[in-house]
Structures are given as structure tokens and as C-alpha cells.
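K.L.:
This is the structure in C-alpha cells:
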């Protein structure tokens, strides 16, 4: 992880291709962890990260020193959905396109796009992960916080997550305190460069469960 004394005032870096991003990252990340990208179950590839940067979903910051770890910053919309019993909808795990499983254990969440409001991002997240639904964002539930932690998707790359959380009512979901799954409705299907898309790892299926509030 990033050392406590390192400045957060870093410059944003852009890359022309996944290859240029890989060349830039290689001397800046531990070789043993960088080699795990797209190989270790649950991780993503350099092509995934490049597309995140290209789409404005992720910014990659650096002080330009190869001796200092870069920092990935992501704005995330988190949607806290409850059933009538008060249980919260939690994504337990995901089935990825390479056949591996990524464990989540968190409410529905999605990277925000440039210029997108929290309400827009939350509605899009529900549509992409749960299917077309009527979503009502509950007033007064918005909370924002920041976290820095190791990235599961990109081992060795420190990450700062700006978490924008809202509570919402979503029509058409199973109200039972059980488990169910949904197909991903968009990820991996909207890339213009199909060759690049073929080199990415994306979510195919989401697995959900209702969890009692006192278990959170």
C-alpha cells in the first residue's frame, strides 16, 4: 500500500494503448504481483485497466518516479437495497468470463462514468446488474467516504475508492431471504475494439443474497 507520507497531489497520466500502459506500469509495480494480472483467479488484465482509463472510469496518478507506486482512483456508486423484512441485498460473488469466481460480499456497486450523477450511476448499476427495473432513490440517504486499499482486480496497484452510497427501492426483486443470480446486461459487450475486448476479463453473472441488517 501507499506510504502514509506520500502526497495525494499527483498528476493524471494518459496512455495511447494497453501496450504503452503495460510498459509504464512494469517498472513501477512489484514484478511478482504484476505478473498475476489476468492470471490469478478474480483478477483483471492490463487491457481492462486501459479501457477503464479510456472510458474515464478510472484515473491513474503518478509523480513520474519509477520508484514510487502509482495510485488508481475510482469513483464508485454503491446502492443499498432492502427488502420488506429490512434485509440488505448483498452481492456474494461474480462469475467472470474466464470461468473464475470473484468474491464480493458487498452491496451492488458500479464505477461511475464522467459527468454522471450519483442517481444516474445508481440507476444504471441496477439496470446492468439486476436488469431493467424501476428504481427510486431514497432522499437523505446519500453518504460519501474515501477508502484506500489493495486492489483485488489489479494486485500490487494501490487504489483510492471514493464511495458514493445511496439507499434505493427497486421493484421486481425477490423479497425472500434467499439467494438468486442475474446475468450481466452490458459489461464486455459495448467495446468498439473487439480485439481489445477479447483480451479483457468481464463479469458474466452476479450472485446475490439477502442479509439481515444486524449482520452488516
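In the working numbering, the protein residues as written are 240 to 455. By construction, the Cβ of each residue, glycine as well, lies at the ideal position given by its N, Cα and C atoms.
Mind checking if residue 368 is an interface residue toward chain D, Cβ cutoff 9 angstroms exclusive?
P.N.:
The chain labelled as chain D is not found in the depicted structure, where only one protein chain is given.
K.L.:
For residue 407, does the three-state DSSP call read helix, strand or coil?
P.N.:
Walking along the chain shown from the start, residue 407 turns up at place 168. Three-state DSSP puts residue 407 in a strand.
K.L.:
Rounding to the nearest angstrom, what Cα-Cα distance links residue 440 and residue 278 in this structure?
P.N.:
Counted from its first residue, the chain shown places residue 440 at position 201. Counted from its first residue, the chain shown places residue 278 at position 39. C-alpha separation (whole angstroms): 10 angstroms.
K.L.:
Just list the beta strand (DSSP E) runs in the region 326-411, keeping only unbroken ones of 3 residues or longer that don't cross its boundaries, in chain order.
P.N.:
Entirely contained in the region 326-411, the beta strand (DSSP E) runs reaching 3 residues are, in chain order, 327-335, 340-345, 347-350, 374-376, 382-389, 397-409.
K.L.:
Assign residue 330 to one of two classes, buried (16 or more other C-beta atoms within 10 Å of its C-beta) or exposed (fewer than that).
P.N.:
For the purposes of this step, residue 330 is taken as the residue at position 91 of the chain shown. Buried, by the Cβ-count rule.
K.L.:
Quick one: residues in its chain with C-beta nearer than 7 angstroms to the C-beta of residue 357, no 5 flanking neighbours on either side, listed in chain order?
P.N.:
Your numbering for residue 357 matches position 118 in the chain shown. Hits under 7 angstroms: 316, 381, 403, 405.
K.L.:
Could you tell me which residues DSSP pairs with residue 254 in its beta bridges?
P.N.:
For the purposes of this step, residue 254 is taken as residue 15 along the chain shown, with counting starting at 1. Looking at the DSSP assignment, residue 254 forms no beta bridge with any residue, so it has no partner.
K.L.:
In whole angstroms, give me the CA-to-CA distance for residue 427 and residue 442.
P.N.:
If you number the chain shown from 1, residue 427 lands on position 188. If you number the chain shown from 1, residue 442 lands on position 203. The predicted model places residue 427 with a pLDDT of 49, which falls under 50 and marks its position as unreliable, so this point remains unresolved.
K.L.:
Do the CB positions of residue 424 and residue 370 come within less than 9 angstroms of each other?
P.N.:
For this step, residue 424 is matched to residue 185 along the chain shown. For this step, residue 370 is matched to residue 131 along the chain shown. Going by C-beta atoms, residue 424 is nearer than 9 angstroms to residue 370.
K.L.:
Given that a residue counts as buried once 16 or more other Cβ atoms are within 10 Å of its Cβ, and exposed if not, what is residue 256?
P.N.:
The residue labelled residue 256 in the question sits at position 17 within the chain shown. Under this definition residue 256 is an exposed residue.
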